[in-house]
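Visitor:
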Amino acid sequence: MRDGAIFAKAGLPAVAIVTEAFVELAAFTAEAVGMPAVPRYVLPHPCSGTGDENLARVAREAAPGIIDLLEGHTR
Amino acid sequence: MTLQATRHQAPDEATALELFHMREWTDGLPVVIPTEERVVALLAGVELEPDVIIGKIGPSQASVEKIAINAVMAGCRPEHFPVVLAAVRAVGDSEFDIDNMQSTTHGMGPVVIVNGPAREVCGPIASGWGALGPGHRANASIGRALRLCLMNIGGARPGHGDMAALGQPGKFTCCLAEDEEGSPFTPLHTAFGYDADQSAVTLVGVDAPHSVMMQTNDDDPEAHERILRVVAGSIAIPGGNNTQIGNGPVIVVLNPIHAGVLANAGLSREDVCERLTKLAVTPNAVMRGWATKRRIPEGDGDLPALRGPEDIVLIVAGGGGMYSAVFSGGLAGSTHPVHAPIDFDFSCELPGLPPT
Numbered sequence: 461m462r463d464g465a466i467f468a469k470a471g472l473p474a475v476a477i478v479t480e481a482f483v484e485l486a487a488f489t490a491e492a493v494g495m496p497a498v499p500r501y502v503l504p505h506p507c508s509g510t511g512d513e514n515l516a517r518v519a520r521e522a523a524p525g526i527i528d529l530l531e532g533h534t535r
Numbered sequence: 002m003t004l005q006a007t008r009h010q011a012p013d014e015a016t017a018l019e020l021f022h023m024r025e026w027t028d029g030l031p032v033v034i035p036t037e038e039r040v041v042a043l044l045a046g047v048e049l050e051p052d053v054i055i056g057k058i059g060p061s062q063a064s065v066e067k068i069a070i071n072a073v074m075a076g077c078r079p080e081h082f083p084v085v086l087a088a089v090r091a092v093g094d095s096e097f098d099i100d101n102m103q104s105t106t107h108g109m110g111p112v113v114i115v116n117g118p119a120r121e122v123c124g125p126i127a128s129g130w131g132a133l134g135p136g137h138r139a140n141a142s143i144g145r146a147l148r149l150c151l152m153n154i155g156g157a158r159p160g161h162g163d164m165a166a167l168g169q170p171g172k173f174t175c176c177l178a179e180d181e182e183g184s185p186f187t188p189l190h191t192a193f194g195y196d197a198d199q200s201a202v203t204l205v206g207v208d209a210p211h212s213v214m215m216q217t218n219d220d221d222p223e224a225h226e227r228i229l230r231v232v233a234g235s236i237a238i239p240g241g242n243n244t245q246i247g248n249g250p251v252i253v254v255l256n257p258i259h260a261g262v263l264a265n266a267g268l269s270r271e272d273v274c275e276r277l278t279k280l281a282v283t284p285n286a287v288m289r290g291w292a293t294k295r296r297i298p299e300g301d302g303d304l305p306a307l308r309g310p311e312d313i314v315l316i317v318a319g320g321g322g323m324y325s326a327v328f329s330g331g332l333a334g335s336t337h338p339v340h341a342p343i344d345f346d347f348s349c350e351l352p353g354l355p356p357t
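Protein chains in written order, with the numbering used here: chain A, 461 to 535; chain B, 2 to 357.
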């Protein structure tokens, strides 16, 4: 989230990617860094450790939504 | 209902709190002042007379009333109280060796593990994210109530009745539930003969938990072996009593992901404990470089940290991720895990505690 906020503050399109378990924390962090509206995309939890094949599937499914957000579309 | 405790007078709660600190009746933190009204309200959830003796701690008998006073002080609500009573009952089991635990210089204390429906009915007692940390009222209050009983009934004052050289933060409070729903294994209390739908506490005397980090990968066919080796290595740490002195039950808290990897490899609770016992060793050659006069092995081979799988209390808890935990044991094996049923009947509505 903090990386996303840093990019956003620098004027660069940014999307923070978080897993479901961290959605509340993401909102809190975004608020804390003064960028409550930093776009974020939510992945299933857990992602790490779930194997290359699953990670590739998650990435394929998430990519269009993340690109949407980067292009400034709200979800 | 007649209460026996000596009454003390104070003009207000703030003055009463200072009296409690001055008389060393607290753990150092503020307590809820145990007025008669509050103690009576707490007793509403149990069908025991206040003078019933639940167990002995050190020189003193722990009556229901004395335990209730300490539970009010700790911040317990009436629904928490049956768990506190069960924990004190378990502490009184001679197998637990509470007197030795109170007087050792090792920073040990009881960990209270809750299984069965009481996890919700008497709580909720947390078993997920941060279950061993702050932010869960029932966990914090129940564990603290037991500690206040050990101090105020059992006389465990630092440097006097409690000779822990340093102590550890878990001695303020340490209570959690097992995540039975997230666990692939049978619930802990069923290993002691309880039915899954019964409620029970299990108490284990251990020192502070240390984190066990393991990033698993579902593509890794050896992931379960890596978890076992890392957890076992965390049991057989150089400075642990299990290594330096030997014996002593430990607690292994597996997060649901680690537990899932082990279960998917076909391992049961018993299998995991068997494997960990075999792996939790220190090579004799290494041990000779660490050992004190207490335990210097000769020849080749390995020095075991545990006597057998029964020395491992294995539970599943915590948020899913990379971190499990191990609590090391102590007392050279004179303490054993103990358990007690949690008896509750909340068919009547419980009162709220009178406000502070």
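Positions of the beta carbon are idealized from the N, C-alpha and C atoms, including for glycine.
Compare the C-beta of proline 506(A) against all C-beta atoms of chain B and say whether one is closer than 7 angstroms.
Guide: Counting from one through the first sequence, the residue named residue 506(A) turns up at place 46. Taking Cβ atoms only, chain B reaches closer than 7 angstroms to proline 506(A), which makes this a yes.
Visitor: Let me know if isoleucine 54(B) comes out buried or exposed under the rule of 16 or more other beta-carbons within 10 Å of its beta-carbon.
Guide: Along the second sequence, read from residue 1 onward, the residue named residue 54(B) stands at position 53. Under this definition isoleucine 54(B) is an exposed residue.
Visitor: What is the C-beta distance between threonine 278(B) and leucine 307(B), in whole angstroms, given that I count them as a contact (C-beta under 8 angstroms)?
Guide: Sequence index remark: in the second sequence, residue 278(B) carries index 277 (1-based). Sequence index remark: in the second sequence, residue 307(B) carries index 306 (1-based). At roughly 5 angstroms, the Cβ-Cβ gap stays under 8 angstroms, so threonine 278(B) and leucine 307(B) are in contact.
Visitor: State yes or no: is the beta carbon of glycine 129(B) nearer than 7 angstroms to at least one beta carbon in chain A?
Guide: The residue given as residue 129(B) occupies position 128 in the second sequence. Cβ-Cβ to chain A under 7 angstroms: no for glycine 129(B).
Visitor: Taking 8 angstroms as the threshold, find out whether the region 287-298 of chain B comes into contact with the region 221-233 of chain B through three or more Cβ pairs.
Guide: Touching, no.
Visitor: Going by the beta-carbon positions, is the gap between alanine 233(B) and alanine 281(B) smaller than 7 angstroms?
Guide: Start at 1 with the first residue of the second sequence, and residue 233(B) comes out as number 232. Start at 1 with the first residue of the second sequence, and residue 281(B) comes out as number 280. Yes, the Cβ-Cβ distance between alanine 233(B) and alanine 281(B) is below 7 angstroms.
Visitor: At the level of alpha carbons, what is the spacing between aspartate 52(B) and glutamate 121(B)?
Guide: For the purposes of this step, residue 52(B) is identified with residue 51 of the second sequence, where counting begins at 1. For the purposes of this step, residue 121(B) is identified with residue 120 of the second sequence, where counting begins at 1. Taking the straight line joining both Cα atoms gives about 28 angstroms.
Visitor: Quick one: Cα of alanine 468(A) to Cα of alanine 474(A), how far?
Guide: Along the first sequence, read from residue 1 onward, the residue named residue 468(A) stands at position 8. Along the first sequence, read from residue 1 onward, the residue named residue 474(A) stands at position 14. One C-alpha to the other measures close to 6 angstroms.
Visitor: Quick check on the DSSP output: what are the complete alpha helix (DSSP H) runs of length 4 or more inside the region 69-94 of chain B, in order along the chain?
Guide: 82-92, all fully within the region 69-94 of chain B.
Visitor: Under three-state DSSP, which class holds alanine 178(B)?
Guide: Position 177 of the second sequence, counted from the first residue, corresponds to residue 178(B). In the structure shown, alanine 178(B) sits in a strand (DSSP, three-state: E or B).
Visitor: Using 8 angstroms as the Cβ pair cut-off and three pairs as the minimum, do the region 67-80 of chain B and the region 146-156 of chain B touch?
Guide: In short, these stretches touch, since the Cβ pair count reaches three.
Visitor: Where do the N-terminal and C-terminal ends of the alpha helix (DSSP H) with serine 235(B) fall, by residue?
Guide: Taking the second sequence and counting its residues from 1, one reaches residue 235(B) at position 234. Segment 224-236, the alpha helix (DSSP H) holding serine 235(B).
Visitor: Residues of chain A with CB under 8 angstroms from glycine 320(B), in chain order?
Guide: Sequence index remark: in the second sequence, residue 320(B) carries index 319 (1-based). The contacting residues are Ala481.
Visitor: Going by C-alpha distance, which of Ala165(B), Gly46(B), Ala237(B) and Ser269(B) is nearest glutamate 80(B)?
Guide: Your numbering for residue 80(B) matches position 79 in the second sequence. Of Ala165(B), Gly46(B), Ala237(B) and Ser269(B), the residue nearest in Cα terms is Gly46(B).
Visitor: How about threonine 489(A): is its C-beta nearer than 7 angstroms to some C-beta of chain B?
Guide: By 1-based counting over the first sequence, the position of residue 489(A) is 29. It does not; no Cβ of chain B falls within 7 angstroms.
Visitor: If you reduce the DSSP assignment to three classes, tell me which class alanine 63(B) lands in.
Guide: Stepping through the second sequence from its first residue, residue 63(B) is reached at position 62. Of the three classes helix, strand and coil, the one that applies to alanine 63(B) here is strand, per DSSP.
Visitor: Just curious, the beta strand (DSSP E) that histidine 337(B) is in, first and last residue?
Guide: On the second sequence, residue 337(B) is found 336 positions in, with the first residue counted as 1. Histidine 337(B) -> no beta strand (DSSP E), and no H or E assigned at all.
Visitor: Would you give the residue range spanned by the alpha helix (DSSP H) that methionine 23(B) belongs to?
Guide: Taking the first residue of the second sequence as position 1, residue 23(B) is located at position 22. Residues 14-23.
Visitor: Using a beta-carbon distance below 7 angstroms, is glutamine 5(B) in contact with chain A?
Guide: As a first step, residue 5(B) is located in the second sequence; it is residue number 4 there, counting from the start. So no, glutamine 5(B) is outside the interface.
Visitor: Do histidine 211(B) and leucine 263(B) count as a contact pair if the criterion is CB distance below 7 angstroms?
Guide: For this step, residue 263(B) is matched to residue 262 along the second sequence. For this step, residue 211(B) is matched to residue 210 along the second sequence. It is not a contact, given that the beta carbons lie outside the stated cut-off.
Visitor: State buried or exposed for lysine 294(B), treating a residue as buried only when at least 16 other CB atoms are found within 10 Å of its CB.
Guide: Residue 294(B) sits at position 293 when you count from the first residue of the second sequence. With fewer than 16 Cβ atoms within 10 Å of its Cβ, lysine 294(B) is classed as exposed.
Visitor: Is there a C-beta anywhere in chain B that falls below 7 angstroms from the one on glycine 511(A)?
Guide: Here residue 511(A) is taken as the residue at index 51 of the first sequence, counted from 1. Taking Cβ atoms only, chain B reaches closer than 7 angstroms to glycine 511(A), which makes this a yes.
Visitor: Is the CB of aspartate 52(B) under 7 angstroms away from at least one CB in chain A?
Guide: In the second sequence, the residue the question calls residue 52(B) occupies position 51. Output row for aspartate 52(B): interface = no.
Visitor: Check the C-beta distance from isoleucine 258(B) over to glycine 511(A) and give it rounded, since I have them as a contact under 8 angstroms.
Guide: Sequence index remark: in the second sequence, residue 258(B) carries index 257 (1-based). Sequence index remark: in the first sequence, residue 511(A) carries index 51 (1-based). Not confirmed; about 13 angstroms, so no contact.
Visitor: Check for me: the beta strand (DSSP E) holding methionine 214(B) runs from which residue to which?
Guide: Counted from its first residue, the second sequence places residue 214(B) at position 213. Run containing methionine 214(B): 210-214, per the beta strand (DSSP E) assignment.
Visitor: Could you tell me the alpha carbon to alpha carbon distance between glycine 302(B) and glycine 247(B), rounded to whole angstroms?
Guide: Reading the second sequence from its first residue, position 301 is the one you call residue 302(B). Reading the second sequence from its first residue, position 246 is the one you call residue 247(B). If I take the Cα positions, the gap works out to 16 angstroms.
Visitor: Cα separation between glutamate 50(B) and isoleucine 477(A)?
Guide: Here the question's residue 50(B) lines up with position 49 in the second sequence. Here the question's residue 477(A) lines up with position 17 in the first sequence. Whole-angstrom Cα-Cα distance: 57 angstroms.
Visitor: Cα-Cα, which of Gly241(B), Val115(B), Phe173(B) and Ile154(B) is closest to aspartate 198(B)?
Guide: Taking the first residue of the second sequence as 1, we reach residue 198(B) at position 197. That would be Val115(B), whose Cα lies nearest to the Cα of aspartate 198(B).
Visitor: Smallest Cα separation from glycine 131(B): which of Gly464(A), Met461(A) and Ala481(A)?
Guide: Taking the second sequence and counting its residues from 1, the one referred to as residue 131(B) is at position 130. Closest option to glycine 131(B), Cα to Cα, is Ala481(A).
Visitor: As a quick exercise: from Val205(B), Val327(B) and Ala178(B), pick the residue whose alpha carbon is nearest that of alanine 91(B).
Guide: Within the second sequence, the letter at position 90 stands for residue 91(B). Of the listed residues, the one whose Cα sits closest to alanine 91(B) is Val205(B).
Visitor: So if I threshold CB-CB distances at 9 angstroms, which residues from the region 50-76 of chain B count as touching chain A?
Guide: The region 50-76 of chain B vs chain A, Cβ under 9 angstroms: nothing.
Visitor: At a CB-CB cut-off below 8 angstroms, which residues of chain A make contact with aspartate 219(B)?
Guide: Here the question's residue 219(B) lines up with position 218 in the second sequence. The answer, in chain order, is Gly509, Thr510, Gly511 and Asn514.
Visitor: Can you tell me whether DSSP reads threonine 244(B) as helix, strand or coil?
Guide: Residue numbering aside, residue 244(B) sits at position 243 when the second sequence is read from its first letter. Helix.
Visitor: Under a CB-based cut-off of 7 angstroms, is glutamine 103(B) close to chain A?
Guide: Within the second sequence, the letter at position 102 stands for residue 103(B). Not closer than 7 angstroms to any Cβ of chain A, the Cβ of glutamine 103(B) fails to qualify, so no.
Visitor: Let me confirm a value: phenylalanine 21(B) is counted as buried when at least 16 other C-beta atoms fall within 10 Å, else exposed. Which label applies?
Guide: For the purposes of this step, residue 21(B) is taken as residue 20 along the second sequence, with counting starting at 1. With 16 or more other Cβ atoms within 10 Å, it is buried.
Visitor: Just checking: is the beta-carbon of glutamine 216(B) within a distance shorter than 7 angstroms of some beta-carbon in chain A?
Guide: Residue mapping note: residue 216(B) aligns to position 215 of the second sequence, counting from 1. It does; some Cβ of chain A falls within 7 angstroms.
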